[in-house]
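*Asks:* Residue numbers (the working numbering): 1211 to 1468. Can you read through this structure? Questions will come right after.
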Amino acid sequence: MRTVRFTASSSAQPAHGLLESDQITPLTAAPWAGGRPVGNPIPREQAILLAPVEPTKIVCVGRNYRDHIEEMGFEIPTIPSLFYKPLTTILDPGGDVILPPTSLSTHVEHEAELAVVIGSKCRNLTSENAVDAIFGITCANDVTSRDLPPRDGNTTRAKSFDTYCPIGPWIETDLDLAAGVQVRCTVNGEVRQDGNTQQLVFDVARILELVTQVMTLAPGDVVLTGSPGGTGPLTPGDRVEIEVAGIGPLVHGVRAGG
Ligand code: MG
């Protein structure tokens, strides 16, 4: 099953929907909150797709693909580096990442990531039962100001500018993660990242176990699982396409800020 959030026009209320054969059937509520199909399907091309989630938090894992850890010159971690992105980073598919003023940051990079959408309230998951808490998988870009962490001593500003989390375009609920899935990013048609979740230091189940040792995850919450090697700079006018296991592409632009 594929689920989306959409509006039928720029003035219509956003709704969740089921995406089937290029038709969207509206749902009465979020699919993880028992939403049921209602009304007539509309053609996908008549809908404006929105970020498919409305999370209470976006939890992220840094340094989780072996090739990205090597290219950054870090040690393989024994506990995951967790951080947040504020909800104001969320960018709808087809939107533009707005680069910060150059007085704040001059080196912004893409990080294509597999995003887990949580399906049920959960705490203290184990690696064995964690997949039961997953609603589905989508694509995200953990956009990062690479020049800020060395100055700041943390990643808060680096990860948090408005628009720094493009996400979507749909959630796939039937993806089998066990065999490893491909995470791919192109910029202006050039392949920058083409990794596989088999490279993960902490796999998806282990990440959910470690995150829920600390905090409750709510339905619709998002967990970004790290980025494969090949992260690179973004400049105004770039067109970014991210694909995770056939989901997407999530497409967004890039433009200069004030
Ligand atoms: Mg990342």
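In this text, a Cβ means the ideal position worked out from N, Cα and C, and glycines have one as well. Source: prediction; values computed, not measured.
#1: Please tell me whether, using a cut-off of 7 Å, the distance from the CB of PRO1352 to the nearest non-hydrogen atom of the ligand MG is below it.
#2: How close, in whole Å, do the beta carbons of ALA1325 and ILE1377 come, if the pair is a contact with beta carbons under 8 Å?
#3: For PRO1247, which of GLU1230, GLN1256, ASP1413, HIS1278 has the nearest alpha-carbon?
#4: Compare the beta carbon distance of PRO1275 and GLN1409 with 8 Å and say whether it is the shorter of the two.
#5: Where does ASP1357 sit, in a helix, a strand or coil, going by DSSP?
#6: In the DSSP assignment, what residue or residues form a beta bridge with LYS1295?
#7: Comparing the CB of GLY1405 with every heavy atom of the ligand MG, is any distance shorter than 7 Å?
#8: Short of 8 Å in beta carbon distance, which residues of its chain neighbour ARG1465, apart from the five on each side in sequence? Order them along the chain.
#9: With a threshold of 16 other CB atoms inside 10 Å of the CB of THR1299, please say whether the residue is buried or exposed.
#10: Using a Cβ-based criterion (distance less than 7 Å to any ligand heavy atom), does GLU1321 qualify as near the ligand MG?
#11: Once DSSP output is grouped into helix, strand and coil, what is the label at GLU1338?
#12: Would you tell me roughly how many angstroms separate the C-alpha atoms of ASN1351 and ASP1386, rounded to the nearest one?
#13: Just tell me which of PHE1371, ILE1328, ASN1250 has its CA closest to the CA of GLU1419.
#14: Under three-state DSSP, which class holds ALA1455?
#15: Check HIS1320 in the structure and name its three-state DSSP category.
#16: To the nearest angstrom, report how far apart SER1437 and PRO1290 are at their CA atoms.
#17: If I measure Cβ to Cβ from THR1235 and keep anything under 7 Å in the same chain, skipping five residues before and after, which residues do I get?
#18: Below 8 Å, can you find three or more Cβ-Cβ pairs linking the stretch 1310–1319 to the stretch 1212–1220?
#19: May I ask you to check if the CB of ARG1245 is nearer than 7 Å to at least one heavy atom of the ligand MG?
#20: Pick from GLY1440, GLY1430, GLY1442: whose alpha carbon is nearest that of ALA1239?
#21: When you compare each of LYS1331, ASN1339, VAL1341, GLY1458 to TRP1242 by their alpha carbons, which one comes out closest?
#22: So the alpha helix (DSSP H) VAL1248 belongs to, where does it begin and stop?
#23: With a Cβ-Cβ cutoff of 8 Å, do ILE1381 and ARG1254 count as a contact?
#24: Does the ligand MG have even one heavy atom less than 7 Å from the beta-carbon of ASP1434?
#25: Confirm the yes/no value for this check: CB of GLY1272, any heavy atom of the ligand MG, distance under 7 Å.
#26: Could you tell me which uninterrupted alpha helix (DSSP H) segments, each at least 4 residues in length, are contained entirely in the stretch 1377–1434, listed from first to last along the chain?
#27: Less than 8 Å between the CB atoms is what I'm expecting for PHE1345 and THR1373, so what's the real figure, rounded?
*Replies:* From the atom records:
#1: The amino acid occupying residue 1352 in the given sequence is Asp; Pro does not appear at that position. Yes, the beta carbon of ASP1352 sits closer than 7 Å to at least one heavy atom of the ligand MG.
#2: The C-beta distance from ALA1325 to ILE1377 rounds to 6 Å, short enough to fall under 8 Å.
#3: GLU1230
#4: One point to set straight first is that residue 1275 is Tyr, not Pro, in the sequence displayed. Their beta carbons are under 8 Å apart, which means TYR1275 touches GLN1409 by this criterion.
#5: Three-state result, ASP1357: coil.
#6: ILE1268
#7: no
#8: ASP1306, VAL1307, ILE1308, LEU1309, PRO1446, GLY1447
#9: buried
#10: yes
#11: coil
#12: 21 Å
#13: ILE1328
#14: For ALA1455, the secondary structure class from DSSP, reduced to helix, strand or coil, is coil.
#15: coil
#16: Roughly 13 Å separates the two Cα atoms.
#17: Within the same chain, THR1235 has close Cβ partners GLY1227, LEU1228, PRO1247, PRO1251.
#18: Segments in contact, no.
#19: It should be pointed out that residue 1245 corresponds to Gly in this sequence rather than to Arg. GLY1245 Cβ: outside cutoff for every heavy atom of the ligand MG.
#20: For the set GLY1440, GLY1430, GLY1442, the Cα lying nearest the Cα of ALA1239 is the one of GLY1430.
#21: LYS1331
#22: Looking at the DSSP string, VAL1248 is not in any alpha helix (DSSP H), and its letter there is neither H nor E.
#23: no
#24: A quick correction: the sequence has Leu, not Asp, at residue 1434. Result yes, Cβ under 7 Å from the ligand MG.
#25: GLY1272: yes, Cβ under 7 Å from the ligand MG.
#26: 1414–1422
#27: Not really, about 24 Å apart at Cβ, beyond 8 Å.
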